Amino acid sequence: MLRRDFIGASGALLVGAGLVSGRTKAAAIPEASSMAEATTQAPLIPSSGPDYNPVVTLNGWTLPWRMTADGWKEFHLVAEPVEREIAPGMVARLWGYNGQSPGPTIEAVEGDKVRIFVTNRLPEHTTVHWHGMLLPSGMDGVGGLSQPPIKPGETFAYEYVLRKSGTFMYHPHADETFQMAMGMMGSFVVHPKDPAFMRVDRDFVLLTGAYDIDPGAYVPKIATMTDFNIWTWNSRAFPGIDPLVVAKGDRVRVRMGNLSMTNHPIHMHGYSFEVTCTDGGWVKESARWPEVTIDLPVGAMRAFEFDADAEGDWAIHCHKSHHTMNAMGHSVRTYIGVDQAEIARKVGQLVPGFMPMGSTGGAAMAGMRMPTPDNTLPMMTGEGPFGSVEMGGMFSVVKVREGLARGDYKDPGWYRNPPGTVAYKVEAPAVAAGSNGAVAAAAPATRAGRDPRMMTMNVQARRRTIGMRAQDMRDMPMGDTKR
Ligand SMILES: [Cu+2]
-8 MLRRDFIGAS GALLVGAGLV SGRTKAAAIP EASSMAEATT QAPLIPSSGP DYNPVVTLNG
52 WTLPWRMTAD GWKEFHLVAE PVEREIAPGM VARLWGYNGQ SPGPTIEAVE GDKVRIFVTN
112 RLPEHTTVHW HGMLLPSGMD GVGGLSQPPI KPGETFAYEY VLRKSGTFMY HPHADETFQM
172 AMGMMGSFVV HPKDPAFMRV DRDFVLLTGA YDIDPGAYVP KIATMTDFNI WTWNSRAFPG
232 IDPLVVAKGD RVRVRMGNLS MTNHPIHMHG YSFEVTCTDG GWVKESARWP EVTIDLPVGA
292 MRAFEFDADA EGDWAIHCHK SHHTMNAMGH SVRTYIGVDQ AEIARKVGQL VPGFMPMGST
352 GGAAMAGMRM PTPDNTLPMM TGEGPFGSVE MGGMFSVVKV REGLARGDYK DPGWYRNPPG
412 TVAYKVEAPA VAAGSNGAVA AAAPATRAGR DPRMMTMNVQ ARRRTIGMRA QDMRDMPMGD
472 TKR
């Protein structure tokens, strides 16, 4: 149905010539392009209209556009059900735009006249709100308030002039709770009219999101308010998130928006940086301060910049540690310091395959490879050059390398640390784990270790992963060793 042979940014096709605002006709609707790939697509270089340095949408793409003879930049969004690979091994059935969740990034230039067609292929009505834009009230996209809802099968046109440059978003403002929980959102970048203003060499954009998808399920639970288990950047979770590839010496901007239900303190290693733009506009130089973590509030965008002067593989992640886990349940009991050997022996007699976990911490989960339901992700995973990265969710790597060509976003592989610059093991007598007695002193936990009600896990019977997917633990029969 949808094809990718859209004319792109060439501006060669002059359909819609002579139309005036609000009077466009069906015949003038541009074809909608669609994207099936979940990998980062090359930036869309403008070939007509004002020049700009295009953004790179992490694990996403930019919506092609066309220029009409009378100077309107025309885009076509299609709201529709989509299938999105969250990471290899897990697909989610979401709602999005033009084949993807999030929808494609819209890019244009300050002063542009934009006409954005929105076709609704959802089973219910929708609208599109242009978050942060200065526009006529009737173009603001709030269903019932600023326009009638777009019913299934209908196409509406939004028309306005981009009055300021910056970092914005679009999302439904009709049944928005459910529709955003289903993945409906996109980035909208307006480049400055003067290409030299706030110029950077690499400009990344992404939206944070959160889903509650039970292991083995495909559709998010749309009524979840806090207890999400899949934390995403552009509807991808680590290790499915592409690295941010940067050439040493580049000026780099990362634009992030948050349409999830909680804030995300985004932390980047190896650098300090400054917030230079919010969805309210550019931040004056005198008003900026250095940070290594920026809070990304709900319903907001933050763009930060740094000069990439240090080569390496630098982690970038949400600093809420549960947001760097996949498919994690939040009713997991604590067994640190608990001697489970005896209970393991006893339960094992009744339930072959029983495996206790957590006595020494959670790291062992990352190495476990046990039977799992179809369509879910390991809680802590991702192979690095030194072993498991033990991460999931909102995590990626900024890869800064010497000598990358401009426009080269290919994954350069792992950083080769110069000799003598990697933390190393010291030859010394081995120290017994927990030897200071602090952990062993946790008396109630030790007592619990002998209580069979505290830990009954039957791996084989339910074909569920205990170690890797603590999500399942909240469904586990506690105190019932006969199942
Ligand atoms: Cu977070």
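The numbering used here puts the first residue of the sequence shown at -8, with every later residue one more than the last.
Just so it is clear, CB atoms sit at the ideal spot from N, CA and C, and this is done for glycine as well.
Note that this is a predicted model, so its numbers are computed, not measured.
Buried versus exposed, by CB contacts within 10 Å (16 or more), residue i
i, result
"E71", "buried"
"Y415", "exposed"
"G383", "buried"
"I221", "buried"
"P37", "buried"
"R75", "buried"
"E381", "buried"
"E418", "exposed"
"T30", "exposed"
"E333", "exposed"
"E393", "exposed"
"G475", "The structure shown does not extend to residue 475, since the chain is modelled only from -8 through 474, so no value can be given for it."
"S25", "buried"
"M526", "What is shown of the chain runs -8 to 474, which leaves residue 526 out entirely."
"D194", "buried"
"N408", "exposed"
"E65", "buried"
"I327", "exposed"
"D402", "exposed"
"F386", "buried"
"G90", "buried"
"P139", "exposed"
"H164", "buried"
"T412", "exposed"
"T168", "exposed"
"D270", "buried"
"D399", "exposed"
"S128", "exposed"
Selected residue, minimal CA-CA separation from residue i, among the options
i, options, result
"A185", "V243, P403, D42 and F229", "The residue asked about is misnamed: residue 185 is Asp in this sequence, not Ala. Of the listed residues, the one whose Cα sits closest to D185 is D42."
"L54", "E276, R75, R154 and V180", "V180"
"P206", "N366, P21 and W52", "N366"
"F377", "G177, G349 and D304", "D304"
"D286", "C268, Y262, G271 and C309", "C309"
"E296", "W405, R246 and T118", "R246"
"E150", "W63, H116 and V243", "W63"
"P281", "D298, K212, R336 and A291", "D298"
"Y202", "H314, T284 and R324", "H314"
"D61", "V283, T168, R84 and K104", "K104"
"W405", "G373, A423 and G411", "G373"
"G480", "G248, H182, V274 and R190", "Nothing in the structure corresponds to residue 480, since the chain is present only between -8 and 474."
"G352", "K337, M371 and V342", "M371"
"R324", "L341, T118 and S350", "S350"
"G375", "R57, A148 and K390", "K390"
"M58", "W52, G51 and S39", "S39"
"H258", "A278, Y209, A294 and L250", "A294"
"M292", "Q331, A187, Y400 and G177", "G177"
"A23", "Q340, K142, P140 and T146", "T146"
"A19", "H67, A33 and L35", "H67"
"P143", "E115, G80 and V388", "E115"
"E276", "Y262, M189 and M319", "M189"
"V152", "F219, N111 and R106", "R106"
"G231", "L35, V388 and V210", "V388"
"M316", "M252, L341, F219 and G51", "F219"
"A33", "V196, H260, A278 and V73", "V196"
"V210", "A354, V73 and L395", "V73"
"R154", "I141, P183 and A354", "P183"
"D300", "M252, H260, D330 and T110", "H260"
Residue i at chain D interface by Cβ criterion, 8 Å
i, result
"E167", "Included in the structure is just one protein chain, with no chain D present."
- [ ] Only counting runs of 3 or more residues, tell me where the beta strand (DSSP E) segments fall wholly within the region 205 to 266, in order along the chain.
- [x] Listed in chain order, they are 221 to 224, 235 to 238, 242 to 249 and 255 to 259.
Task: Complete runs of the alpha helix (DSSP H) confined to the region 327 to 411 [at least 4 residues] - done: 332 to 341 and 355 to 358
Open item on the list: Across the region 43 to 52 and the region 133 to 142, are there enough close Cβ pairs to call them in contact, namely three or more that are closer than 8 Å?
Closed with: no
TODO: Give, in chain order, every unbroken run of the alpha helix (DSSP H) that is at least 4 residues long and sits entirely within the region 147 to 185.
DONE: 167 to 172
- [ ] May I have all residues whose beta carbon comes closer than 5 Å to any heavy atom of ligand 1, sorted in chain order?
- [x] H255, C309, K311 and H314
Task: Three-pair Cβ contact test at 8 Å for the region 223 to 230 versus the region 258 to 268 - done: no
Task: Validate contact between the region 81 to 88 and the region 166 to 182 using beta carbons, cut 8 Å, 3 pairs - done: yes
Open item on the list: Can you confirm whether the region 95 to 102 touches the region 235 to 245 when touching is taken to mean that 3 or more C-beta pairs between the two stretches lie within less than 8 Å?
Closed with: no
Open item on the list: In chain order, what are the residue ranges of uninterrupted beta strand (DSSP E) at least 3 long that sit wholly in the region 59 to 119?
Closed with: With a minimum length of 3 residues, the continuous beta strand (DSSP E) runs that stay inside the region 59 to 119 are 63 to 78, 81 to 88, 97 to 100 and 104 to 111.
Open item on the list: Quick check for students: name the residue ranges of the alpha helix (DSSP H) that lie wholly in the region 276 to 322, counting only runs of 4 or more.
Closed with: none
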